[in-house]
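Asker: Chains A and S, in that order, are what the protein sequence lines are.
With this note's numbering applied, the first sequence corresponds to residues 129 to 240, in that order.
With this note's numbering applied, the second sequence corresponds to residues 73 to 187, in that order.
There's a structure below that I have some questions on.
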Amino acid sequence: DAGVTQSPTHLIKTRGQQVTLRCSPKSGHDTVSWYQQALGQGPQFIFQYYEEEERQRGNFPDRFSGHQFPNYSSELNVNALLLGDSALYLCASSPGLQETQYFGPGTRLLVL
Amino acid sequence: GENVGLHLPTLSVQEGDNSIINCAYSNSASDYFIWYKQESGKGPQFIIDIRSNMDKRQGQRVTVLLNKTVKHLSLQIAATQPGDSAVYFCAEIPSSGGGADGLTFGKGTHLIIQP
Numbered sequence: 129d130a131g132v133t134q135s136p137t138h139l140i141k142t143r144g145q146q147v148t149l150r151c152s153p154k155s156g157h158d159t160v161s162w163y164q165q166a167l168g169q170g171p172q173f174i175f176q177y178y179e180e181e182e183r184q185r186g187n188f189p190d191r192f193s194g195h196q197f198p199n200y201s202s203e204l205n206v207n208a209l210l211l212g213d214s215a216l217y218l219c220a221s222s223p224g225l226q227e228t229q230y231f232g233p234g235t236r237l238l239v240l
Numbered sequence: 073g074e075n076v077g078l079h080l081p082t083l084s085v086q087e088g089d090n091s092i093i094n095c096a097y098s099n100s101a102s103d104y105f106i107w108y109k110q111e112s113g114k115g116p117q118f119i120i121d122i123r124s125n126m127d128k129r130q131g132q133r134v135t136v137l138l139n140k141t142v143k144h145l146s147l148q149i150a151a152t153q154p155g156d157s158a159v160y161f162c163a164e165i166p167s168s169g170g171g172a173d174g175l176t177f178g179k180g181t182h183l184i185i186q187p
C-alpha cells in the first residue's frame, strides 16, 4: 500500500517564475493538506482540500493556489516566486476531516 | 497569535534511557494533538495522537500525556534507541465548526542519542 507521494522531489526556479507541485494521497484518503516548511522551522499550514474544494486556508497570499482532482490527488501552484518561497513543501492526506494526517516526503523548492 | 511551542530546542539522552519531550500550547480550544517525528530529508512521520477527552495514551515504546489545566503535552519514549534521533514536533488542531483541520506545529525538539 503506497503512502503519500509527491513530485518532483527537488526543483530549482528563479524569481518571478511559477511552479506546480503534485501530490497523490494515501490509498483510501480523500483529504489533502499542504504545508510549507522553512529550514529549521515547523511546517506552516497553507490550505486543505476536501471534495475538490478549498476548505481552510492558512496565512498565505493569493500567489499560493491549489486544486484537487476527482481521484483526490492535488496540486499546489505558486506564482511570481520570491526568494522567501524556498522551502520544503509537504503534502499530507487523511481519510476525511478531523482525522490523522500522514505526510509525504516533500518537494524541496529552491528559488534563485 | 496563538501557537504551539516547545520548551527545549535540543535534547540529548543516553542510549537506553527514557526521553521526555515537552510541548506547551496556548489555544485552549484545541481538541486534538499529534506528535510527529521528522528525520533529516524526510517528511514528518506520525507517532501518536491524543484527543482532549483523554489525559494519557500509550503506543509501542511511546506515551503521550495531556494536561489541559496547564495546556501542556509531553511525549515519553522508553529505552531510547539510535533510530529515535530526529526532530520531534507536536501539532494541534483547534476545534472548529467547519470541520477543516489545518495543523499548527511548534518549532520542534531535536533529540540526540548519545552512545
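Where a beta carbon is used, it is the ideal one built from N, C-alpha and C, also for glycine.
With respect to the beta strand (DSSP E) encompassing residue 194(A), which residues constitute its N-terminal and C-terminal limits?
Answerer: Element bounds for residue 194(A): 192–196.
Asker: Over the uninterrupted beta strand (DSSP E) stretch that includes residue 135(A), give me the two end residues.
Answerer: 133–135
Asker: Sorted by chain position, which residues of the same chain lie with C-beta nearer than 8 Å to residue 238(A)'s C-beta, five sequence neighbours on each side aside?
Answerer: 138, 139, 140, 141, 214
Asker: Nearest to residue 95(S) by alpha carbon, out of 140(S), 132(S), 133(S)?
Answerer: For residue 95(S), the nearest C-alpha among the options comes from 140(S).
Asker: Compare the C-beta of residue 105(S) against all C-beta atoms of chain A and say whether one is closer than 8 Å.
Answerer: no
Asker: Quick one, are the C-beta atoms of residue 201(A) and residue 153(A) less than 8 Å apart?
Answerer: Cβ distance < 8 Å, so residue 201(A) and residue 153(A) count as in contact.
Asker: Could you run through the stretch 178–194 of chain A and flag, in chain order, every residue whose CB is less than 7 Å away from some CB of chain S?
Answerer: 183, 184, 186
Asker: How should residue 82(S) be labelled, buried or exposed, when 16 other C-beta atoms within 10 angstroms of its C-beta is the threshold for buried?
Answerer: Classification for residue 82(S): exposed.
Asker: May I ask which residues mark the beginning and end of the beta strand (DSSP E) holding residue 157(A)?
Answerer: That residue, residue 157(A), is in no beta strand (DSSP E); it is neither H nor E in DSSP.
Asker: Between residue 135(S) and chain A, is the shortest Cβ-Cβ distance under 8 Å, so that the two count as touching?
Answerer: No - not a single Cβ of chain A is within 8 Å of the one on residue 135(S).
Asker: So, at 7 Å on beta carbons, what are the nonlocal neighbours of residue 118(A) in its own chain, with the 5 sequence-adjacent residues on each side left out?
Answerer: The structure shown does not extend to residue 118(A), since chain A spans only 129 to 240, so no value can be given for it.
Asker: What is the DSSP secondary structure of residue 103(S), reduced to helix, strand or coil?
Answerer: strand
Asker: Please name the residue, chosen from 198(A), 197(A), 206(A), that lies closest to residue 188(A) on a Cα-to-Cα basis.
Answerer: 206(A)
Asker: Output needed for residue 111(S): all residues of its chain with C-beta closer than 6 Å, excluding positions within five of it in sequence on either side, in chain order.
Answerer: 158
Asker: Between residue 204(A) and the rest of its own chain, which residues show a CB-CB distance below 6 Å, the 5 nearest in sequence each way excluded?
Answerer: 149, 162, 194
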